[in-house]
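Heads up: take any position in the sequence shown, counting from 1, add 1, and you land on this note's numbering.
Every residue, glycine too, gets a C-beta built ideally from N, C-alpha and C.
Please read all numbers here as calculations on a predicted model, not as lab measurements.
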Amino acid sequence: MKLRVPHFLFAIMLPLTLGAAARQQAQQAQQGPPQQAPTPQAQQQPAQAPAVADPSAIRYSFGGNASQIPATFLSNLIFIPMQLNGGTPGFFLLDSSAEVTSIEPGAAPGATGNALSYAVLKMPGVQVPMVTLPVIAHPKFAEQFGQNVRGVLGCDFLSRTVVEINYNRQTLQIYDPASFTYSGQGTSFPVTMTPAGPAVRAKFEISGHKAFEAQFVVDTAVDYSFLFSRAFTDSQKISAAHFHSQEASDPQVDDGAKIFLGRVRAFELKPYTIENSIGAFSQQNLKGVKDSKIAGAIGGGFLRRFNVIFDLPHQRVILEPNLQINTLEDADMSGLSIVAKGNNLRTFEVVGVQKGTPGHDAGIQVGDVISGIDDEPAADYTLTELRAAFEKTGNETAGHSYKLLVERNGQTLTLKMKMRRLI
Numbered sequence: 002m003k004l005r006v007p008h009f010l011f012a013i014m015l016p017l018t019l020g021a022a023a024r025q026q027a028q029q030a031q032q033g034p035p036q037q038a039p040t041p042q043a044q045q046q047p048a049q050a051p052a053v054a055d056p057s058a059i060r061y062s063f064g065g066n067a068s069q070i071p072a073t074f075l076s077n078l079i080f081i082p083m084q085l086n087g088g089t090p091g092f093f094l095l096d097s098s099a100e101v102t103s104i105e106p107g108a109a110p111g112a113t114g115n116a117l118s119y120a121v122l123k124m125p126g127v128q129v130p131m132v133t134l135p136v137i138a139h140p141k142f143a144e145q146f147g148q149n150v151r152g153v154l155g156c157d158f159l160s161r162t163v164v165e166i167n168y169n170r171q172t173l174q175i176y177d178p179a180s181f182t183y184s185g186q187g188t189s190f191p192v193t194m195t196p197a198g199p200a201v202r203a204k205f206e207i208s209g210h211k212a213f214e215a216q217f218v219v220d221t222a223v224d225y226s227f228l229f230s231r232a233f234t235d236s237q238k239i240s241a242a243h244f245h246s247q248e249a250s251d252p253q254v255d256d257g258a259k260i261f262l263g264r265v266r267a268f269e270l271k272p273y274t275i276e277n278s279i280g281a282f283s284q285q286n287l288k289g290v291k292d293s294k295i296a297g298a299i300g301g302g303f304l305r306r307f308n309v310i311f312d313l314p315h316q317r318v319i320l321e322p323n324l325q326i327n328t329l330e331d332a333d334m335s336g337l338s339i340v341a342k343g344n345n346l347r348t349f350e351v352v353g354v355q356k357g358t359p360g361h362d363a364g365i366q367v368g369d370v371i372s373g374i375d376d377e378p379a380a381d382y383t384l385t386e387l388r389a390a391f392e393k394t395g396n397e398t399a400g401h402s403y404k405l406l407v408e409r410n411g412q413t414l415t416l417k418m419k420m421r422r423l424i
């Protein structure tokens, strides 16, 4: 670390005596004309205040410049434990598509209006001062994720740090951008900031269509590999009728509105090409985006194949492939859309059933509560584990028949749901 050493100017005064006129004249001849005395106005100018540390600067423990953060990975989403102003820790969702970091209304004591004045968010090894912390409500977060969420860690945080996400090891590392250098074997991609977050250019192919090249927002809050925006698919005349797709709904996407799921034949971010990943085709635009040049978002289903480094201070994202680079991706095989309710978020309510799917064939209805799975209490599962049971990779789930206990209008029903791939 370099130290800045202040320089001081020392004035040396030569004493003059009344009897040393000759010495005084000789000295004045060498120094030139005497300098004019400062005016009273100049004498009253205050001294410049010494520089002080930036109160909004991110601080690392023990004077360091990096910290490893414990995080909880639920499927492909990342939740970070944070303390607000020294209070009880709670989870914040890492959301690279959120413009600002924010907190839920019920978790912001002392907030005035829609913001909390000067807050300090603390995670292990790192303190993040916020001059203002917006209060933004996401009332369905808990039931959508099966996790109580206190706030969102957004792009304003990512733009002040370098964040390394290791999906394979499920770890998170945060660096001071002033001291960060990259010397790995990954590939760096330049990013452009858009209203929906940092975007990269990529090429992709969908069956029945030509190859496309467009911008994609890199979005850590999307579980799917890709989420396509309505503005883009309409402009390119991409229709679910033109390739094999499945109607679906997901509480985490468009608040459970209808979407279509289909496979993307190839997705290329040179030198990486991923085949047959799953894309969700939304009937809405990405939040805050109407630009048809932005095709959609790259989500966790794609990102989990890499060690991902968000280096927004240097306008780049770095990808290092991991052991999941060529893993076959599967989608839900049940046709059910499920949310978590109750005080412990272990009451699993069906909020959507797609026609012609195993869930529909089993007789499951909207409003049913799943209370048992294969002779085990459903409360032994989390929402993420329950969803994962219905979408295991490979052939682990396809062909399996689940025995489900379902609560409906005060009655307990036993239903069998035989799984099969839908896309």
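Quick one: using the 10 Å Cβ neighbour count with 16 as the cut-off for buried, is residue i buried or exposed?
i, result
"R306", "buried"
"L431", "Summary: the structure shown does not reach residue 431, with the chain confined to residues 2 through 424, and so no result is reported for it."
"A298", "buried"
"Q340", "With the sequence shown as reference, residue 340 is identified as Val, and Gln is not the correct amino acid for it. V340 comes out buried."
"L15", "For L15, the predicted structure reports a pLDDT of 34, less than 50, and the residue's modelled location is therefore unreliable. A value from the coordinates is still provided. When all chains shown are included, L15 counts as exposed."
"P252", "buried"
"V132", "exposed"
"K479", "Outside the shown range of the chain, which is 2 to 424, sits residue 479, and nothing can be said about it."
"K419", "exposed"
"Q284", "exposed"
"G185", "exposed"
"A50", "With a pLDDT of only 37 at A50, under the threshold of 50, the placement of this residue in the model should not be trusted, and no figure is reported."
"E377", "exposed"
"P106", "exposed"
Mind checking which residues open and close the beta strand (DSSP E) that includes residue i?
i, result
"G373", "V370 to I374"
"A267", "K259 to L270"
"A249", "S246 to S250"
"A281", "Y273 to S283"
"T413", "Q412 to K419"
"L228", "F227 to F229"
Identify every residue that forms a DSSP beta bridge with residue i.
i, result
"R60", "Q128"
"V121", "P130"
"I81", "F93"
"S240", "Answer by DSSP bridge pairing: none, since S240 is not bridged."
"Q69", "Q174"
"T113", "A116"
"E430", "The structure shown does not extend to residue 430, since the chain is modelled only from 2 to 424, so the question has no answer here."
"F74", "I79"
"V290", "Paired residue(s): none; V290 is not in a bridge."
"V136", "I104"
"V354", "L337"
Provide the residue span of the alpha helix (DSSP H) that contains residue i, from first to last.
i, result
"P106", "No alpha helix (DSSP H) holds P106; DSSP gives it neither H nor E."
"G360", "P359 to D362"
"R409", "Where R409 is concerned, there is no enclosing alpha helix (DSSP H), although the beta strand (DSSP E) it sits in stretches over S402 to R409."
"T385", "L384 to A390"
"A143", "F142 to F146"
Discussion item. For a minimum of 3 consecutive residues, which ranges assigned as the beta strand (DSSP E) are wholly contained in the stretch 149-225?
Written reply: Secondary structure in the stretch 149-225: the beta strand (DSSP E) runs of 3 residues or longer, each lying completely within the stretch, are 152-154, 163-167, 172-176, 188-191, 193-195, 198-206 and 213-219 in chain order.
Worksheet item: Could you give the uninterrupted runs of the alpha helix (DSSP H) lying entirely in the stretch 293-352, keeping only those of 4 residues or more?
Response: 301-304
Worksheet item: On the three-pair Cβ rule with 8 Å, is the stretch 312-319 touching the stretch 232-245?
Response: no
Worksheet entry | Segment contact flag, the stretch 403-420 with the stretch 93-104, C-beta cutoff 8 Å, min 3 pairs | no
Worksheet entry | Inter-stretch contact (C-beta, 8 Å, three-pair minimum) for the stretch 67-82 and the stretch 142-160 | yes
Worksheet item: Quick one: any contact between the stretch 252-261 and the stretch 181-189, if contact means 3 or more CB pairs under 8 Å?
Response: Segments in contact, no.
Fill in: the stretch 270-285 in contact with the stretch 185-203 per 3-pair CB rule at 8 Å
These segments touch.
Worksheet entry | At least three beta-carbon pairs within less than 8 Å, the stretch 226-234 to the stretch 273-282 | yes
Item to complete: Could you say if the stretch 360-379 and the stretch 168-177 meet the contact criterion of at least three C-beta pairs nearer than 8 Å?
Response: The stretch 360-379 and the stretch 168-177 do not touch, with fewer than 3 CB-CB distances between them shorter than 8 Å.
Worksheet item: Are the stretch 286-302 and the stretch 344-364 in contact at 8 Å, needing three or more beta carbon pairs?
Response: no
Practice prompt. Indicate whether the contact test is met: 3 or more Cβ pairs, each with one atom in the stretch 217-225 and one in the stretch 192-205, closer than 8 Å.
Written response: yes
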